[in-house]
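Note that the sequence shown ends on residue 131 in numbering that gives the first Met the number 0; no numbers are left out.
The beta carbon of each residue, even a glycine, is placed where N, CA and C say it ideally should be.
Just so it is clear, the structure is predicted and the values come from calculations on it, not from any experiment.
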Amino acid sequence: MTFEEKIQNLQDVKCIYEEIVNTPNCVIGIEPCEFDQLFDNKEGDIEAIRISVDGTSENRMEELLESLKTNVRQDTKRLILFISAPEKELNMDEVYSINDFLNWFDSEDSCIWGYCRDESTTNLKVAIIAQK
């Protein structure tokens with residue numbers, strides 16, 4: 000089962016960004032910096048999306064990618080995608096699937112993704128910040 004939540008309030012989106020960059024033991028493709036250095040602060044242009052997929056499911060990546068493609072616009076200009084995986088790490092096929100998803104964008108700007116292990120859950124959790 001997949002859980003999805005969209006957040007469009009700019010202050011709440013900034014809080015999610017802070018959670019991402021301050022997650023212990025995470026690997027992310029950016030140096031921690033202020034939200035304003037990455038995104039234009041235009042209310043309505045930026046949204047966050049949280050997705051949670053059963054991490055024990057054999058089809059967890061397919062479920063995740065289907066949800067991502069449903070919830071994230073292809074013309075997004077800037078995207079941060081952060082994955083928190085349960086004890087079972089992402090395998091190479093799953094990493095390639097994520098890269099394929101990021102290449103799906105028409106973006107000339109950046110698509111950044113990060114990863115950490117979260118042994119406190121069995122779910123594969125994703126937080127996305129996207130700017131139109």
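Do you know how far the Cα of E30 is from the Cα of M60? 27 Å
Could you tell me whether the Cβ atoms of I209 and Q130 are closer together than 7 Å? A query on residue 209 cannot be resolved here, the shown segment of the chain reaching from 0 to 131 and no further.
If you draw a straight line from the alpha carbon of V12 to that of A126, how long is it in whole angstroms? 10 Å
Using alpha carbons as the reference points, say which of F34, K124, N98 lies closest to C110. N98
Going by CA-CA distance only, name the one from T75, E57, S66, L9 that's closest to S51. S66
Should N102 go down as buried or exposed, given a rule of 16 or more other Cβ atoms within 10 Å for buried? exposed
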